Structure formats: C-alpha cells, structure tokens
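In mature numbering (1 follows the signal peptide of the UniProt record, and there is no 0), the protein residues as written are -23 to -1, 1 to 267.
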C-alpha cells in the first residue's frame, strides 16, 4: 500500500545522517523529542492534516495524516477561532502529543514525541543499527510521523535490504515496498543497496519496467535502471533506435544515445555516410561533419 506521506522535505534523498563524532546515538530507554509544529488542512484531501516539523532551514519534515488518526482533534476545532488544542498521534514507534492552537484551518504549537520501548526492543532484536541521532530532531520524528513500522523493516530485511535505521526511514519516505524489492532483485546483477531502492521508488522504476529492460539486455545493474528511467529510456525507444540502425547492445549504449539527444534521423544519416550500426559517438562525429 502506498504510504500516506506525500511530502518529505529533507536536504536530499537519504539525507538522514548517521551518528557522527558530535552526535549522540539515541538509546532505546531515552527516546524523547520536543519540537515546534505547524499544520494546515491538506489542499488535495480535506480529510487529512498536513503537518510540518521545522527544525531549521536544513531540517523540515512534512507529512499528511488522516484527521481521524489524531486523537483529541476534531474538524470543528481545526476550523475554529483560535481555541487551545491538545491531541495525539499514536504509532508503533511511540506517541506524539501536540499542543497549540488552530484558527481557520491552520495551526501551530509544540510537540513531544515519546518513544515506545517495545518498538525499540523489536528494532534491536532484528539487529538493525540505530544510527538516528539527537542532533537532528526530524530524524527521530520521522519514525512515528511516517509510521516506520517494525514489520515493514522486517519485510525489507527478508528481501535482503539490510540497512541502518535511517535508511529504512528514507525507504519508507519515498514509498519503497518489500513486494517491489522481491520482484526486482532477481533481475539485477549484484546487490541492491538502500539508496538504489530509494532511487527506484523516487523515479518510478517498477518491476514491469525492470522486466522490460531485462528482456532487452543480458545484464543489468541497479544504476542502469535508475539512469535509463531518469533519461526516459523505454523498450519502445530502444526498438525504434535499433530499427534506425543504432548500435545499442548494452544499457550504457541506450543511455548514451538518449543523453545526447540523438534522433533516428541522425542515426540514419550516419548509416548513409558509411557507418553501419553506428555507436552514439560515431553518430555525433557524422553529425558534426554534415
């Protein structure tokens, strides 16, 4: 199922940092975070509230949560005239208690996240490295806000996606599904790193897309799929270029033709000038001469 968090604003994909020399790794017995929040009714779905946790200009986490999941908050209070509110969001990773005010569909205040020790025990029992740190509040708050459940992590690990906790947050944020990993993994030469999976989800590399490319090329690496998808390489594009005479034998060849913007007319011109089955480089050479 697609996660209900359409917006994750971080510095970059996978920008949840691991522990550093100046950061403190969070112990399971000491998971508590305070932070400011703002909120507004989702423009795309009025039954949801868009929550923002703003740490600084480099650390903002935004997610949409069904109002029905916010205990103690009603639509009438959200659209009210500034009355104080207290409401909670309970997730497996723990409970967030929000206090503040709403007026005319927008609100602000402070929150406190208290982790659930049972959740952290399950994470530790799986052998997951806890690299989330207290120097970035949004790192920890992503666990309950994005609902990074232990069964989600376990399912990914069963598919070979072994990673520290911050990477599971990143995978959840962009919508990596264990089912997708299960289908794509046999099609790829070598392993699939967490950042490969995040790139697949972010770019829309589906199992069907991976299979279509695997029927064309005898070997594919994860980077081949992400690069081809980003460039807009499709099975139809490859077939059309090959029909014009282009030498596309590997995924790298397809990327070269697409990245250089080579047209079928340019390929045919190279063939007409004595370069049968030309490479992308040869097509460019002919194009510069004629």
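Here a beta-carbon is modelled for each residue, glycine too, at the ideal position from N, C-alpha and C. None of the values given here were measured: they were computed from a predicted structure.
Please determine, among the options, the residue with the shortest C-alpha to C-alpha distance to residue i.
i: residue 177; options: 218, 192 and 155; result: 155
i: residue 73; options: 56, 46, 80 and 51; result: 46
i: residue 53; options: 76, 80, 68 and 67; result: 80
i: residue 141; options: 266, 170 and 122; result: 170
i: residue 12; options: 22, 29 and 253; result: 29
i: residue 129; options: 27, 195 and 153; result: 153
i: residue 24; options: 266, 196, 254 and 55; result: 55
i: residue 117; options: 32, 222 and 221; result: 32
i: residue 17; options: 10, 9, 8 and 42; result: 42
i: residue 248; options: 266, 227 and 222; result: 222
So what does DSSP say about residue i, is it helix, strand or coil?
i: residue 213; result: helix
i: residue 141; result: coil
i: residue 253; result: coil
i: residue 32; result: strand
i: residue 166; result: coil
i: residue 123; result: coil
i: residue 73; result: strand
i: residue 261; result: helix
i: residue 223; result: coil
i: residue 197; result: coil
i: residue 173; result: helix
i: residue 151; result: helix
i: residue 181; result: coil
i: residue 267; result: coil
i: residue 247; result: helix
Using a Cβ-Cβ cut-off of 7 Å (strictly less than) and excluding sequence neighbours within five positions of residue i, which residues of its own chain qualify?
i: residue 131; result: 103
i: residue 269; result: In the structure as shown, the chain begins at -23 and stops at 267. Residue 269 is therefore absent and cannot be evaluated.
i: residue 252; result: 259 and 263
i: residue 225; result: 215, 218, 219, 231 and 234
i: residue 121; result: 66, 68, 70, 71, 73 and 90
i: residue 165; result: 197, 198 and 199
i: residue 243; result: 260 and 264
i: residue 96; result: 69, 70, 71 and 127
Quick one: what's residue i bridged to in DSSP?
i: residue 13; result: 87
i: residue 27; result: 17 and 41
i: residue 66; result: 47 and 73
i: residue 241; result: For residue 241, which the question treats as bridged, DSSP gives no partner whatsoever.
i: residue 203; result: Residue 203 is not bridged to any residue.
i: residue 92; result: 71
i: residue 79; result: 84
i: residue 58; result: 80
Closer than 6 Å by C-beta to residue i: which residues in its own chain qualify, once you throw out the five before and the five after it? Chain order, please.
i: residue 206; result: 180 and 182
i: residue -3; result: In this predicted model, residue -3 has a pLDDT of only 34, less than 50, meaning its place in the structure is not dependable; the value taken from the coordinates is given anyway. Same-chain partners within the cutoff: there are none.
i: residue 161; result: 184 and 187
i: residue 189; result: 212
i: residue 106; result: 141
i: residue 89; result: 11 and 74
i: residue 139; result: none
Buried or exposed: residue i, going by 16 or more other Cβ atoms within 10 Å of its Cβ?
i: residue 246; result: buried
i: residue 76; result: exposed
i: residue 114; result: buried
i: residue 143; result: buried
i: residue 70; result: buried
i: residue 48; result: exposed
i: residue 51; result: exposed
i: residue 150; result: buried
Run the proximity test for residue i: is its beta-carbon closer than 8 Å to any non-hydrogen atom belonging to the ligand ADP?
i: residue 178; result: Questions concerning the ligand ADP fall outside what the structure shown contains, since it holds no ligand whatsoever.
Looking only at its own chain, which residues have a Cβ that is under 8 Å from the Cβ of residue i, when we skip the five neighbours before and after it?
i: residue 78; result: 59, 60, 61, 62, 84, 85 and 86
i: residue 137; result: 158, 162, 168 and 169
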